[in-house]
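Participant:
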Amino acid sequence: MAVAWKNKDLLDLESLSTQEIELILETTGSFKEISQRPIKKVPTLRGQTVVLFFFEPSTRTRTSFELAAKRMSADIVNIQTSSSSLTKGETLKDTARNIEAMKVNIIIMRHSSSGAPHLLARSVAPSIINAGDGSHEHPTQGLLDIFTIKEHKKKINGLNVSIIGDIAHSRVARSNIWGLVKLGANVTVCGPATLMPPEIEKLGVKVTYDINEAIEGADVINMLRIQLERQGQSLFPSIRDYSMSFGLDAEKMKNAKKDVLIMHPGPINRGVEITPEIADGPYSVILEQVTNGIAVRMAVLYLVSGVKERIG
Amino acid sequence: MDILLKGGRVVDPASGTDAAADILIKGGKIAQSGKDIKAAGAKQVDCKGKVVLPGLIDVHTHFRQPGREDEETFVTGSRAALKGGFTTVLCMANTNPVIDNKGVVEYVYAEAAKAGLINIYTAAAVTKNLEGKELTEIGQIAAAGAKALSDDGKPVMNAEILRRAMEYAKMFGLPVISHCEDANLSRNGVMNEGALSTRLGLKGIPRASETVMVIRDIEIAQLTGAKLHIAHVSAKESVEALRQAKKRKVKVTCETCPHYFTLTEEAVSGYNTGAKVNPPLRTKEDVEAVKKGLSDGTIDIISTDHAPHSAEEKDVEFDFASTGMIGLEFAASLVNSELVKGGVLGWKEVAQKMSMNPAALLGLEGKGSLSEGSDADVTVFDPVSEWTVDAGRIESKSKNTPLIGKKLSGLAVITIVGGKIRYENGKFA
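Chains U and D supply the protein sequences, listed in that same order.
Note that the working numbering gives residue 19 to position 19 of the first sequence, counting from 1, and the numbers run on in steps of one.
Position in the second sequence (from 1) plus 1000 gives the number in the working numbering.
This is the structure we're talking about:
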């Protein structure tokens, strides 16, 4: 691993090289052990301030980042607003400049608009970590998914990974696609045509509208959350119709490989995109994903903070 | 003072002129055009190596007055126009308040007269407050001097309302300028739909959103026999639909803007809001189709869709950024480098599309020509000199253009309005 981390920010996986992604995964391995200790704390980020800047509600991702930063002894500030502070007449950039003026080191940002973290990264000095921007990317989710797959399968290259659900609006799908394709996996995306973004095959994936085709031969099946409010936007006729065509259940799983991994970025709509018996079943690594999320985020915080000292 | 423009390449398609000649301007009119004109006492201007065009006319301008004088005013907009070689503009109606009644039309003309630098005409809305529901008082508006009707910025989604507007407008000879966009197909869209919108995770606007409305409006023009003009054509299929309509002799004209033949969607990569515009920048294929449409005569007019926006409206999340870019100061240069030097159009066609056809569309008597007796609106263009777009030297009050730092070829050196030199070699008079 000759490559060194040079990026101020982590905005997306599209712009990372294969070596940079491998570096994060390798670093994650070293950090995973810390969370198993009775005293889950290292001094790596002592004296550094991390701001969690969330413009969208989030429990899992925000908690995961917060724990990651706390286990590295950073000081944390939470800023959570229901929508853009534009409603108060202040632009995103102005808000970020104010935070910058308070001399923080890292801003972790979740925003409903694609590209919002890119705007900040251009505008302010602190490192920006994208915790999900619109329908664009969710790089740490992509990384934790890939890390979890690699833990089980010992490799990524050559694996068949199927991502099933609302691909069009999914930042999880895009980050998974970029990361997996760069590492040599064969990625298939599957969902209703109305939730398939145009020309997605140009990202190097195979497209199918038949879930059975996506299941058969897959080493990994990553089920995406369907946002129930999309029902009113004529993107699919009904939850029932969606669930019957694209929901993962025991019947459809009959054609799956015996060692398939079932993943889901959460939160799960039980009985919609995945039935409880599959979500909680033997193939499921859904909770492992959550555990690994902290390690991945510690690794990312470590790398962008530019801390060169060894892990304690 | 009389002005004698000596030895330029005079291009006047209205009189079939394209030759080295002199032009004598007297009392606000073109007095004489021909070889070796002598005029004692006239200010002589050497135009050798320059192209002398009938003053450029932009049929699609947003000067933001009334309502957003922080972004543009008749004065700042006029200066931008003069620098770009434009002597006449048509303002769109989507101001605040909307130009949708006689009173606002009169206000616009009164304020424009105070600026007094170029010829400013206004369009008025097709429907009250651009809501697409109720017709404006078209008769009153026409009497107040509006030159066209347009809900530009928004489509008239109800075909019945558009039909009635066109029938009514026909009585007054007013063209209806249609912003073709199916609001359902484009809902929440912020860029062209395709591989790039998928990569960026931005909601796309399909080309069909424009084309279905172009086709609808062509049919309504056929039905009503009224004058229809399609604004800012961006999509390949729209160009083709217009080509077919013209073959069928439907009374329709159309325009495109420099950004649709010079830029593609790639300009928005990296979430560059400077390149966010509506209709959105499309693909290389569309750029080629627009050029083809220009060269074969399908596209009649080159307009700017000059759309000033404050930095605050652009320096935000891509989804929230305003759409549009300024264009008056760059249009002629882009036409020169991309179309003339690129072999798409000759100067005769440029004069047609940027002066003669616009004058005909708006029914501007005495404009769009350099023939004797015409209004002395003249643009002297240097097709050779190169310059770099510098935000600090933009005349428009707003600086929203993706061209900052880009090198352009050719520039207007003299702009004459009503027989007065208003702009000469970088200086305003």
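Here a beta-carbon is modelled for each residue, glycine too, at the ideal position from N, C-alpha and C.
Please read these numbers as outputs of a predicted model, since none were measured by experiment.
Following the continuous alpha helix (DSSP H) through V304 of chain U, name the residue where it begins and the one where it ends.
Facilitator: Counting along the chain, the alpha helix (DSSP H) containing V304 of chain U begins and ends at 286 to 305.
Participant: Below 8 Å on the Cβ atoms is my contact criterion, and I expect I215 of chain U with A256 of chain U to pass it. Report the Cβ-Cβ distance as a whole number of Å.
Facilitator: 5 Å
Participant: For V1316 of chain D, go through chain U and note every residue whose CB falls closer than 8 Å to its CB, in chain order.
Facilitator: L86, T91, L92, K93, L119
Participant: Straight-line CA distance for R1068 of chain D to N1336 of chain D?
Facilitator: Their backbone Cα atoms lie some 32 Å apart in a straight line.
Participant: Counting only Cβ pairs nearer than 9 Å, list the residues of chain D close to L143 of chain U.
Facilitator: Listed along the chain, the chain D residues whose CB falls inside 9 Å of the CB of L143 of chain U amount to none; the nearest CB is some 17 Å away.
Participant: Quick one: Cα of L1202 of chain D to Cα of L1005 of chain D, how far?
Facilitator: Those two C-alpha atoms are separated by around 52 Å.
Participant: Got a sec, what are the start and stop residues for the beta strand (DSSP E) H1060 of chain D sits in?
Facilitator: Judged by DSSP secondary structure, H1060 of chain D falls within the beta strand (DSSP E) whose first and last residues are 1056 to 1061.
Participant: Between the stretch 127 to 147 of chain U and the stretch 199 to 217 of chain U, can you find at least three pairs of beta-carbon atoms closer than 8 Å?
Facilitator: No: the two stretches stay apart, fewer than three of their Cβ pairs being nearer than 8 Å.
Participant: With DSSP as the reference, please indicate the residues paired to L1149 of chain D in a beta bridge.
Facilitator: D:A1124, D:V1176
Participant: Nearest to E1312 of chain D by CA position, among U:G89, U:V181, U:G306, U:H118, is which residue?
Facilitator: U:G89
Participant: From I1302 of chain D to C1257 of chain D, what distance separates their C-alpha atoms?
Facilitator: Rounded to the nearest angstrom, the two C-alpha atoms are 5 Å apart.
Participant: If you measure between the beta carbons of Q227 of chain U and S238 of chain U, is that distance less than 8 Å?
Facilitator: no
Participant: Look up N78 of chain U in the DSSP assignment and say whether it is helix, strand or coil.
Facilitator: Here N78 of chain U sits in strand by DSSP.
Participant: Whose CA, out of D:P1155, D:L1174, D:C1091, D:E1111, lies closest to the CA of Q1140 of chain D?
Facilitator: D:L1174
Participant: Please state the DSSP three-state secondary structure of P139 of chain U.
Facilitator: Reduced to three states, the DSSP call for P139 of chain U is helix.
Participant: Rounded to whole angstroms, what is the Cα-Cα separation between I1037 of chain D and V1380 of chain D?
Facilitator: 18 Å
Participant: Taking 8 Å as the cut-off, decide whether the C-beta atoms of I167 of chain U and M196 of chain U are in contact.
Facilitator: yes
Participant: Have a look at V1417 of chain D and E1372 of chain D and give me their C-alpha separation to the nearest angstrom.
Facilitator: 16 Å
Participant: To the nearest angstrom, report how far apart V181 of chain U and V187 of chain U are at their CA atoms.
Facilitator: 7 Å
Participant: What residue range is occupied by the uninterrupted beta strand (DSSP E) comprising N160 of chain U?
Facilitator: Where N160 of chain U is concerned, the enclosing beta strand (DSSP E) stretches over 160 to 164.
Participant: Looking at chain D, is there any beta carbon in it that lies within less than 8 Å of the beta carbon of S113 of chain U?
Facilitator: S113 of chain U counts as touching chain D.
Participant: Run down chain U in chain order and give the residues with a C-beta less than 9 Å from the C-beta of A1235 of chain D.
Facilitator: Here the premise fails: no neighbours, minimum Cβ distance about 15 Å.
Participant: Looking at the unbroken beta strand (DSSP E) that takes in T1264 of chain D, where does it start and where does it end?
Facilitator: First-last for T1264 of chain D: undefined, no H or E at that position.
Participant: Tell me where the alpha helix (DSSP H) around N212 of chain U begins and ends.
Facilitator: 211 to 215
Participant: Give the residues from the stretch 147 to 180 of chain U that approach chain D closer than 7 Å (Cβ to any Cβ), ordered along the chain.
Facilitator: Residues R171, R174.
Participant: Going by DSSP, which residues form a beta bridge with R270 of chain U?
Facilitator: U:I274
Participant: Does the stretch 133 to 145 of chain U come close enough to the stretch 105 to 115 of chain U to have 3 or more Cβ pairs within less than 8 Å?
Facilitator: With the rule of 3 Cβ pairs closer than 8 Å, the stretch 133 to 145 of chain U counts as touching the stretch 105 to 115 of chain U.
Participant: Are there 16 or more other CB atoms within 10 angstroms of the CB of D12 of chain U, so buried, or fewer, so exposed?
Facilitator: buried
Participant: Using a Cβ-Cβ cut-off of 8 Å, state whether F1330 of chain D counts as contacting chain U.
Facilitator: no
Participant: Determine the burial state of M244 of chain U: buried for a count of at least 16 other Cβ atoms within 10 Å of its Cβ, exposed for fewer.
Facilitator: exposed
Participant: According to the Cβ coordinates, are A1081 of chain D and I1099 of chain D closer than 8 Å?
Facilitator: no
Participant: Using 10 angstroms around the beta-carbon of I39 of chain U, count the other beta-carbons present and answer buried if the total reaches 16, otherwise exposed.
Facilitator: Exposed: under 16 other Cβ atoms inside 10 Å.
Participant: Under three-state DSSP, which class holds A1159 of chain D?
Facilitator: Here A1159 of chain D sits in helix by DSSP.
Participant: Give the range of the alpha helix (DSSP H) segment to which F65 of chain U is assigned.
Facilitator: 60 to 71
Participant: Just checking: is the beta-carbon of G29 of chain U within a distance shorter than 8 Å of some beta-carbon in chain D?
Facilitator: no
Participant: To which residues of the same chain is G1077 of chain D closer than 6 Å at the C-beta, ignoring the five residues directly before and after it?
Facilitator: Within the same chain, Cβ atoms closer than 6 Å to the Cβ of G1077 of chain D are found at F1063, the five residues on either side in sequence being excluded.
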